[in-house]
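Structure, as structure tokens:
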Amino acid sequence: MKIPTLLYLMASIMLLMIPPAFSNQNPKPEDTEVWDPEPMVVIPGDYSTSRAPSDAIILFDGSSLSAWQKPPINPEVVKEMNPDYENKPADWDVIDGEMVVKKRTGAIETKQAFGDLQLHIEWMTPYAEGKKGQGYSNSGIFLMSFYEIQVLNSYENRTYSNGQAGSIYKQHTPLVNACRKPGDWQVYDIIFKAPVFDKEGSLKSTAKITAFHNGVLIHNHVELIGPTVYIGTPNYVTHPAKLPLRLQDHGDPVRYRNIWVREL
Ligand code: MG
Numbered sequence: 000m001k002i003p004t005l006l007y008l009m010a011s012i013m014l015l016m017i018p019p020a021f022s023n024q025n026p027k028p029e030d031t032e033v034w035d036p037e038p039m040v041v042i043p044g045d046y047s048t049s050r051a052p053s054d055a056i057i058l059f060d061g062s063s064l065s066a067w068q069k070p071p072i073n074p075e076v077v078k079e080m081n082p083d084y085e086n087k088p089a090d091w092d093v094i095d096g097e098m099v100v101k102k103r104t105g106a107i108e109t110k111q112a113f114g115d116l117q118l119h120i121e122w123m124t125p126y127a128e129g130k131k132g133q134g135y136s137n138s139g140i141f142l143m144s145f146y147e148i149q150v151l152n153s154y155e156n157r158t159y160s161n162g163q164a165g166s167i168y169k170q171h172t173p174l175v176n177a178c179r180k181p182g183d184w185q186v187y188d189i190i191f192k193a194p195v196f197d198k199e200g201s202l203k204s205t206a207k208i209t210a211f212h213n214g215v216l217i218h219n220h221v222e223l224i225g226p227t228v229y230i231g232t233p234n235y236v237t238h239p240a241k242l243p244l245r246l247q248d249h250g251d252p253v254r255y256r257n258i259w260v261r262e263l
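Just so we're aligned, residue 0 is where the sequence shown starts under numbering that gives the first Met the number 0, counting upward by one.
Below, the structure written as structure tokens:
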């Protein structure tokens with residue numbers, strides 16, 4: 000096994016455990032919640048969906064989940080460990096041309112791996128009586144399987160600012176709240192710059208994200224401090240230059256449609 004692969008494997012396993020916060024012996028999820036300021040509400044304009052550009056890689060056009068699979072831990076790693084491993088097909092539902100998160104089946108990820116990219120993805124949080132906070136239609140888009148942009152109903156549903164819709168979870172609060180009502184389709188357009196590691200596995204440059212929510216800028220080339228973690232402080236771990244895009248199953252029937260990327 001090559002050293003970078005070994006490092007990556009070790010880092011992946013560490014990420015599955017609750018990462019320690021070195022300054023705090025008993026870190027709690029609330030420690031990294033930021034509630035103030037609350038982003039100002041902006042009613043988005045008439046930004047609507049359109050056909051993908053001619054050079055886009057279509058990841059979901061409503062017909063099937065053929066571009067997606069169930070991730071084991073990470074297929075790259077598992078293939079190294081077990082040459083007989085075969086990825087399982089994604090088992091979320093496709094209903095009326097829309098991809099629907101299937102509760103407790105786990106995340107799905109693209110078969111293709113990506114580094115720098117432009118991503119277009121449309122999502123809808125269904126109306127749900129009695130749900131609130133992080134429990135109201137939670138999902139998420141994990142760039143390179145590690146870096147989450149939150150999907151959540153944040154229309155008249157307060158949660159911590161760095162965990163609401165459009166947040167780079169627990170790292171960056173969106174500049175504004177451009178969320179539409181539950182049941183309405185919404186769009187993220189994301190420009191992602193992958194982190195770069197040198198041959199020894201040291202971080203050479205951090206990941207950066209620019210993002211639009213329903214056509215409204217919510218992140219302007221912000222820098223990530225590491226992979227998304229629920230508890231504690233993130234730290235970069237060495238990983239390959241390209242990794243799958245992953246969608247989160249957080250137990251809610253969030254829907255997705257019209258997903259495409261352009262590699263940069
Ligand atoms: Mg989420």
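The beta-carbon is built from N, C-alpha and C at its ideal position, and this holds for glycine as well.
Just so you know, these numbers come straight off a predicted model, no measurement behind them.
Check, Outcome
"What ranges does the beta strand (DSSP E) occupy inside the region 88–121, keeping only unbroken runs of at least 3 residues that lie completely in it?", "92–94, 97–99 and 107–113"
"What three-state label does DSSP hand Val77 in the structure shown?", "With a pLDDT of 49 at Val77, under the threshold of 50, the predicted position of this residue should be treated as unreliable, though the coordinate-derived value follows. Val77 falls in the helix class under three-state DSSP."
"I'd like the ranges of any beta strand (DSSP E) spanning at least 3 consecutive residues and lying wholly in the region 134–174.", "138–142 and 146–150"
"Is Gln111 near ligand 1, with its Cβ less than 7 Å from a heavy atom?", "no"
"Determine, using beta carbons only, whether Ile217 and Val175 come nearer to each other than 8 Å.", "yes"
"Looking at ligand 1, does it come within less than 7 Å of Ser160, judged from the CB to the closest heavy atom?", "no"
"Just the Cα atoms here: how many angstroms apart are Gln117 and Gln24?", "39 Å"
"Could you give the distance in angstroms between the alpha-carbon of Tyr255 and the alpha-carbon of Gly200?", "35 Å"
"Please list the terminal residues of the continuous beta strand (DSSP E) segment that includes Tyr255.", "Arg254 to Glu262"
"Using the rule of at least 16 other Cβ atoms within 10 Å of the residue's Cβ for burial, across every protein chain shown, is Glu128 buried or exposed?", "exposed"
"Give me every residue whose Cβ sits closer than 7 Å to any heavy atom of ligand 1, in chain order.", "Asn137, Ser138, Gly139, Glu147, Gln149, Val150, Leu151, Tyr168, Gln247 and His249"
"Can you give me the C-alpha to C-alpha distance between Pro26 and Asp54, rounded to a whole angstrom?", "45 Å"
"Assuming the contact rule is C-beta atoms closer than 8 Å, Val186 and Glu121 should be a hit. Round their C-beta distance to whole Å, please.", "5 Å"
"Between the Cα of Ile167 and those of Asp30, Asp183, Gly139 and Thr104, spot the shortest distance and give me the residue it belongs to.", "Gly139"
"Closest to Gly132 by C-alpha separation, out of Leu223, Asn152 and Thr205, would be which residue?", "Asn152"
"On the DSSP bridge assignment, give the partners of His218 in chain order.", "Ala210"
"Going by the beta-carbon positions, is the gap between Ala106 and Gln247 smaller than 8 Å?", "yes"
"With DSSP as the reference, please indicate the residues paired to Asp188 in a beta bridge.", "His119 and Phe211"
"For Ser136, is the classification buried or exposed, using 16 other Cβ atoms within 10 angstroms of its Cβ as the cut-off for buried?", "buried"
"Alpha carbon to alpha carbon, what distance is there between Ile190 and Val215?", "13 Å"
"Does the region 89–96 come within contact of the region 59–73, defined as at least 3 CB pairs closer than 8 Å?", "yes"
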